[in-house]
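Residue numbers (my numbering), protein chains in the order written: chain Z, 7 to 383; chain E, 360 to 708.
Cβ coordinates follow ideal geometry from the N, Cα and C atoms, glycine included.
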Amino acid sequence: MSDADSGRVRDRLDALAERALDMTVVERFALAVASTALALFIGLLVVAASGYDPVAFLGYIFEGSFGDSNATARTLKFGTLAILTGVAVAIAFRAGVFNIGVQGQFVVGGFVTVVTILWLAPLLPESAVGGVALMLLGTGAGVLAGGAYAAFPGVLKAYAGANEIITTIMLNFIAVGAVGYLVEGPFRGEGNRAPNTARLPEYVSLPQVVFDSPDFSLVGFGVALVVVVGVAVVMARTRFGYDMVTSGYQLSAAAYSGVDAKRTVVSTMTFSGMVAGVAGAVFAIMVQGYYSDPGGIATYGFDAIAVSLLAANNPLGVVPAGLLFGGLDSAGTHIGINSDVPVQLIDGIIGLVVLFVAIPELFRMAARRTGLGGESR
Amino acid sequence: MSLSSYASRTRYRLGGGIAFVVAVLLALVALDVPLRAILTVGFAERSLRAASPIALAAVGGLYAEKSGVFNIGLEGFMIFGAVTTAAMAFVLGGDSPGQPDLWVGIVGAVVFCTLLSVVFATLLVRFRGNQIVAGLAVWFIGLGFGPFIAVLLWGNRNSPGLVSVRQVSIPVLSEIPVLGPVLFETSPLVWLALLVAVAAWVVLFRTKYGYWLQAAGENPEALDTAGIDVARVRFAAVVFSGALAGLGGAVLFAHAGSFNGTGDTMVNGRGWIAIVAYLFGNYNPLGAAGAAVLFGGLENLQIQFQTAGIAFPNKLMDLFPYVAVIAVLTVWGSTRMPSAVGEPYESED
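Spelled out as structure tokens, the structure:
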């Protein structure tokens with residue numbers, strides 16, 4: 007886009023952002039709840055239309071998300087990933103940059119984490135301390151890789167006008183294909199039948215606290231909360247965060263106050279990709295313990311878009327929204343084991359949530375018609 | 360922007376495209392790649408087949424954007440088009456549907472996607488939804504419900520082999536060397552895509568409906584003043600784009616013969632590539648179709664490399680179209696989009 011054109015597009019986005027910011031906190035909360043409820047309701051209609059029992063399905067959702075300690079651990083596991091990827095999306099969306107590529111950054115970050123740990127493991131002592139050092143180094147490498155993989159489309163957007171929505175989606179496909187090739191060939195573990203890397207050493211794992219689960223540790227959830235607080239502080243209390251948020255709110259105002267718009271786009275993308283890298287590292291270390299063909303890994307980076315939008319792109323709001331989606335994903339696993347309803351329905355419901363969040367006007371009108379909420383603007 | 364600078368920009372773009380293709384060919388010759396083994400008649404025919412779904416979706420997306428609405432949901436509508444065609448052919452013809460079942464399935468998919476896009480257009484135009492987020496949502500809904508339908512019907516995200524469209528050969532014309540087998544002995548859906556692209560060009564640039572459409576995107580106030588309902592023009596354009604993307608998905612299925620719902624489904628980014636195709640084609644339906652052929656060719660390079668004896672990992676070769684999209688956006692990212700895109704129009708009255 008030429009500068010004039012991109013300026014115009016920016017103005018449109020600014021107008022959209024302004025409309026969103028017009029909403030009060032209560033309105034946003036109501037929108038999130040109404041969107042989720044309506045999406046679930048449509049999901050239940052589909053269940054009934056497909057010849058299954060919607061009441062039993064609803065029961066499975068509650069049972070599968072918080073029914074017992076296993077279900078709760080699973081909800082927290084998926085919640086950890088939804089929160090981390092959700093924060094990554096929120097950083098970019100808040101700054102008016104559409105990073106749809108969190109999935110790709112998550113994959114690249116996780117893969118690099120595993121490769122780094124496998125590469126360094128022979129150099130460090132085989133002990134708990136060595137394990138912690140390896141996890142820190144591996145995560146650091148994953149964060150750098152995720153940041154770099156996001157900085158690339160940021161640079162293309164800032165300096166060549168390439169639409170970041172499309173480039174980041176293409177980079178998702180490329181990350182999945184390229185990492186898929188690497189785990190199948192050059193990085194396949196010795197003697198592995200499946201296209202996986204070698205396993206991480208036993209001592210490279212997070213300790214079990216409260217929950218006894220092979221693929222969840224409360225420490226991982228703690229990491230997610232620490233990242234949330236860190237991001238919230240950066241956004242609210244630093245010059246960098248201020249520049250990002252003002253650019254997202256209104257680009258022209260940001261430019262007047264001396265913000266370099268192009269550099270802000272690149273640094274926003276990098277920051278967002280780094281958080282996606284943390285998510286990738288947590289997934290690799292806590293959940294998998296090796297890296298597999300990413301074509302078979304769930305699309306946490308897409309759910310993250312719904313999580314961030316539900317939270318109105320607020321890092322703190324991502325925690326409850328992420329837990330909600332963790333619960334949905336966890337229920338999906340439970341449904342897959344215990345019922346015949348195709349679990350893909352959960353993905354469809356998540357898509358419906360995204361759709362409804364995009365249309366606040368629909369609910370406003372419904373509220374006016376039914377006399378609820380009553381206030382008109 | 361003045362007309363002359365527009366023309367020179369188009370020429371520059373066209374020149375750039377041709378220069379790029381020539382440079383690639385020269386590089387291949389310099390590297391001693393057996394060109395004759397790569398540029399075969401079969402390759403041309405396969406490329407056109409692969410290009411048809413992309414071209415159809417691109418023409419649809421182009422109409423929506425010309426009218427001022429960015430339909431980012433093309434990918435989702437394509438998924439619905441593919442799965443609906445497969446499902447209808449299966450319901451009508453069981454495990455071995457015939458050609459009539461397939462054609463009814465294609466028509467059914469277009470009707471279904473038209474209905475879906477009526478809902479989508481209502482949410483965008485009437486309820487002023489966020490075009491980007493709602494469009495992404497259509498993709499996610501397709502990624503969920505497409506495989507959902509497949510699992511309901513076949514117990515698996517992938518359908519069994521069902522039916523692919525029968526190739527048609529025109530007597531006499533198909534005897535012409537090179538052109539004959541490429542154009543006159545192929546899938547009738549390739550002709551359909553070509554016909555749609557030409558018709559779309561004529562309507563857009565030679566009829567009053569086309570001018571309304573362009574005005575809705577460039578200068579909605581003027582159109583409103585002239586007494587034409589901007590919202591209605593946009594509504595129609597969005598519905599048309601959804602229907603064409605659905606047709607694109609149906610064509611994709613009809614060429615493949617089975618539905619694949621693993622990963623990002625069989626559509627696998629073609630809807631996004633369609634958006635880049637019309638940007639690259641500079642919002643011209645014929646240009647968009649030409650760009651689609653380029654992407655269709657990249658999709659099929661794998662087979663050519665194999666027959667030419669060039670060793671290159673398949674998994675990486677599959678990524679060529681995506682890399683090409685990024686290259687196109689980076690070099691030709693400076694497209695001139697209609698000035699009112701993304702802005703909901705609110706009439707004064």
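Measure how close the beta-carbons of residue i and residue j come, nearest whole angstrom, since I'm counting them as under 8 Å.
| i | j | result |
| --- | --- | --- |
| ALA647 (chain E) | GLY655 (chain E) | The Cβ separation is near 12 Å, so there is no contact. |
| GLY427 (chain E) | PRO697 (chain E) | 6 Å |
| TYR637 (chain E) | ALA417 (chain E) | 4 Å |
| ILE180 (chain Z) | ILE634 (chain E) | About 17 Å separates the two Cβ atoms, so there is no contact after all. |
| VAL381 (chain E) | GLY432 (chain E) | Wrong, their Cβ atoms sit about 36 Å apart, outside the cutoff. |
Identify the contact partners of residue i in chain Z, using a Cβ-Cβ distance below 8 Å as the criterion.
| i | result |
| --- | --- |
| VAL598 (chain E) | The contacting residues do not exist; VAL598 (chain E) stays about 17 Å from chain Z at best. |
| ILE669 (chain E) | Result: empty, since nearest Cβ-Cβ is about 17 Å, beyond 8 Å. |
| LEU511 (chain E) | SER56 and PRO348 |
| VAL635 (chain E) | ILE172 |
Tell me which same chain residues have a C-beta within less than 6 Å of the C-beta of residue i, skipping the five on either side of it?
| i | result |
| --- | --- |
| THR305 (chain Z) | GLN109 |
| ASP460 (chain E) | ALA448, LEU451 and GLY452 |
| THR444 (chain E) | GLY464, ILE465, ALA468, ALA609 and PHE612 |
| ILE685 (chain E) | none |
| ASN319 (chain Z) | ALA96, PHE99 and ARG100 |
| PHE84 (chain Z) | GLY332, ASP335 and SER336 |
Give the straight-line distance between the Cα atoms of residue i and residue j, rounded to the nearest whole angstrom.
| i | j | result |
| --- | --- | --- |
| ASP59 (chain Z) | VAL531 (chain E) | 60 Å |
| ALA168 (chain Z) | GLY102 (chain Z) | 15 Å |
| MET371 (chain Z) | LEU660 (chain E) | 52 Å |
| SER253 (chain Z) | GLY57 (chain Z) | 50 Å |
| LEU398 (chain E) | LEU384 (chain E) | 10 Å |
| PHE72 (chain Z) | LEU64 (chain Z) | 13 Å |
| LEU188 (chain Z) | LEU177 (chain Z) | 16 Å |
| ALA98 (chain Z) | LEU542 (chain E) | 47 Å |
| GLY264 (chain Z) | GLY116 (chain Z) | 36 Å |
| LEU603 (chain E) | VAL522 (chain E) | 21 Å |
| ILE311 (chain Z) | ILE106 (chain Z) | 8 Å |
| ILE365 (chain Z) | PHE158 (chain Z) | 31 Å |
| ASN202 (chain Z) | GLY457 (chain E) | 42 Å |
| ALA480 (chain E) | ALA509 (chain E) | 26 Å |
| ARG375 (chain Z) | ALA40 (chain Z) | 15 Å |
| PHE594 (chain E) | SER298 (chain Z) | 45 Å |
| VAL561 (chain E) | PHE599 (chain E) | 16 Å |
| THR78 (chain Z) | GLU208 (chain Z) | 25 Å |
| PHE227 (chain Z) | THR86 (chain Z) | 5 Å |
| ILE389 (chain Z) | MET280 (chain Z) | Nothing about residue 389 (chain Z) can be reported from this structure: the residues present for chain Z run from 7 to 383 only. |
| PHE112 (chain Z) | VAL288 (chain Z) | 10 Å |
| PRO703 (chain E) | GLY488 (chain E) | 9 Å |
| SER273 (chain Z) | VAL597 (chain E) | 35 Å |
Interface residues of chain E around residue i at Cβ under 8 Å?
| i | result |
| --- | --- |
| PHE227 (chain Z) | Those do not exist, as PHE227 (chain Z) stays about 25 Å from chain E at its closest Cβ, beyond 8 Å. |
| GLU190 (chain Z) | LYS674 |
| LEU315 (chain Z) | VAL492 |
| ALA168 (chain Z) | ILE685, LEU688, THR689 and GLY692 |
| PHE277 (chain Z) | In chain order: nothing, as chain E lies at least about 21 Å away. |
Who are the neighbours of residue i on chain E, taking C-beta pairs under 9 Å?
| i | result |
| --- | --- |
| GLY186 (chain Z) | LYS674 |
| ILE343 (chain Z) | Near ILE343 (chain Z) there are no residues of chain E at all, since even the closest Cβ is about 15 Å away, more than 9 Å. |
For residue i, count neighbouring Cβ atoms within 10 angstroms of its own Cβ and tell me buried if that reaches 16, exposed if not.
| i | result |
| --- | --- |
| LYS163 (chain Z) | buried |
| PHE369 (chain Z) | buried |
| THR42 (chain Z) | buried |
| GLN526 (chain E) | exposed |
| LEU51 (chain Z) | exposed |
| LYS268 (chain Z) | exposed |
What does residue i reach in chain Z if we use C-beta pairs closer than 7 Å?
| i | result |
| --- | --- |
| TYR681 (chain E) | MET176, PHE179 and ILE180 |
| ILE500 (chain E) | GLY354, GLY357, LEU358 and LEU361 |
| PHE475 (chain E) | For the sequence presented, residue 475 (chain E) should be read as Leu rather than Phe. Result: empty, since nearest Cβ-Cβ is about 11 Å, beyond 7 Å. |
| PRO506 (chain E) | GLN350 |
| ALA496 (chain E) | GLY357, VAL360, LEU361 and ALA364 |
Leaving aside the five residues before and after residue i along the sequence, list all residues of the same chain whose C-beta is less than 7 Å from its C-beta, in chain order.
| i | result |
| --- | --- |
| THR689 (chain E) | none |
| PHE504 (chain E) | none |
| VAL324 (chain Z) | ILE89, GLY92, VAL93, ALA96, VAL234, VAL313, SER314 and ALA317 |
| TYR568 (chain E) | VAL562 |
| VAL239 (chain Z) | none |
| GLU367 (chain Z) | none |
What residues in its chain sit with their C-beta under 8 Å from that of residue i, if we drop five residues either side in the sequence?
| i | result |
| --- | --- |
| ASN198 (chain Z) | ALA204 |
| PRO680 (chain E) | GLY628, ILE632, PHE654, LEU657 and GLU658 |
| ARG194 (chain Z) | PRO201, ASN202 and THR203 |
| SER528 (chain E) | PHE543 and GLU544 |
| GLY236 (chain Z) | none |
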